[in-house]
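First comes the structure, then the notes that go with it.
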Amino acid sequence: MRGGWTYIMTNKPCGVLYVGVTSRLHARIEQHKRGKGSEFCRRYNLHTLVLAERHERIEDAIAREKAMKAWKREWKIRLIEEQNPEWRDLFSLLA
1 MRGGWTYIMT NKPCGVLYVG VTSRLHARIE QHKRGKGSEF CRRYNLHTLV
51 LAERHERIED AIAREKAMKA WKREWKIRLI EEQNPEWRDL FSLLA
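Rendered as structure tokens:
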């Protein structure tokens with residue numbers, strides 16, 4: 001069974017947030033950075049990966065994405081700031 005990732009993209013600290021799910025994080029974030037990801041990310045110029053969570057099963061990643069999309073914005077910001085207080089682009093940390 002293949003694992004998955006939930007992730008959050010933004011355009012600036014506390015800016016527009018996009019919650020996504022993928023089985024191939026590096027490839028998916030590259031797509032977003034090239035403007036080939038989601039239309040939403042293109043429209044709002046979301047190129048910064050600020051949160052990534054690994055899941056053993058893709059089904060768990062999908063469930064987490066759905067839950068996070070239902071969250072209040074403040075909860076998403078709190079989660080990011082707990083794990084990435086400087087809102088750094090985490091893409092360079094992906095192997």
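Under full-length UniProt numbering, think of the first position of the sequence shown as 1, with each following residue one higher.
We put the CB at the ideal spot given by N, CA and C, even for glycine.
Length of the line joining the Cα atoms of residue i and residue j
| i | j | result |
| --- | --- | --- |
| glycine 37 | lysine 69 | 18 Å |
| arginine 34 | lysine 12 | 17 Å |
| glutamate 59 | serine 92 | 26 Å |
| tyrosine 44 | tyrosine 18 | 10 Å |
| arginine 42 | glycine 15 | 14 Å |
| leucine 79 | tryptophan 87 | 11 Å |
| alanine 63 | isoleucine 77 | 19 Å |
Per DSSP, cross-strand counterpart(s) of residue i
| i | result |
| --- | --- |
| isoleucine 67 | Checking the displayed sequence, the identity of residue 67 turns out to be alanine instead of isoleucine. According to DSSP, alanine 67 bridges with nothing at all. |
| isoleucine 8 | Val19 and Leu51 |
Residues of its chain near residue i, where Cβ-Cβ distance is below 8 Å and the 5 sequence neighbours each way are ignored
| i | result |
| --- | --- |
| leucine 90 | Leu49, Val50, Leu51, Ala52 and Asn84 |
| arginine 73 | Leu17 |
Span of the alpha helix (DSSP H), counted from its first residue to its last, around residue i
| i | result |
| --- | --- |
| glutamate 39 | 39-44 |
| glutamate 53 | Counting along the chain, glutamate 53 falls outside any alpha helix (DSSP H), though it belongs to the beta strand (DSSP E) covering 48-55. |
| lysine 33 | 25-33 |
| tryptophan 87 | Here tryptophan 87 belongs to no alpha helix (DSSP H), and DSSP marks it neither H nor E. |
Test item: CB-CB of residue i and residue j under 8 Å
| i | j | result |
| --- | --- | --- |
| histidine 26 | methionine 9 | no |
| alanine 67 | valine 21 | no |
| threonine 6 | glutamate 65 | yes |
Cutoff 6 Å; reference residue i; Cβ partners in own chain excluding five residues on either side
| i | result |
| --- | --- |
| glutamate 56 | Gly3 |
| arginine 28 | Thr22 |
Residues near residue i in its chain [Cβ-Cβ closer than 7 Å; skip 5 each side]
| i | result |
| --- | --- |
| leucine 46 | Met9, Thr10, Asn11, Val16, Tyr18 and His32 |
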